[in-house]
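Below is one structure, written out as structure tokens; the observations come after it.
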Amino acid sequence: MYAPHMIQQQYSPAPQSPQGPPVFPPPTYQQFTQGNPQVRTNQQDNGALISLIERLDTRLQSIEKHVSKLDIIQNELSHV
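Take a look at the structure:
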């Protein structure tokens, strides 16, 4: 078990603002992304998602054309 004065010596004190509470500036974008694999993964995921959306959009357009043709055929058959 550590005495309180021993624990305090292990850590440097937090910077103090004139008002008293500790002040920690937020990290810059570069500091945040440096060594953070999640950021790079998200960028790669975004590229993969964009290509997936483009492929799905192409498929959807193809399906819509087929549905349109089927609607025309069904309409013609209903008049027979």
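For the sequence shown, the UniProt record's numbering gives the first residue as 1, with consecutive numbering after it. Backbone N, C-alpha and C fix where the C-beta goes; we use that ideal spot for every residue, glycine too.
Inter-residue Cα distance where the pair is residue i and residue j
{"i": "glutamate 64", "j": "threonine 58", "result": "10 Å"}
{"i": "leucine 52", "j": "isoleucine 72", "result": "30 Å"}
{"i": "serine 62", "j": "glutamine 31", "result": "46 Å"}
{"i": "isoleucine 50", "j": "glutamine 43", "result": "11 Å"}
{"i": "glutamine 74", "j": "aspartate 45", "result": "42 Å"}
{"i": "glycine 47", "j": "leucine 56", "result": "14 Å"}
Simplified DSSP assignment, three categories, for residue i
{"i": "histidine 79", "result": "coil"}
{"i": "phenylalanine 24", "result": "coil"}
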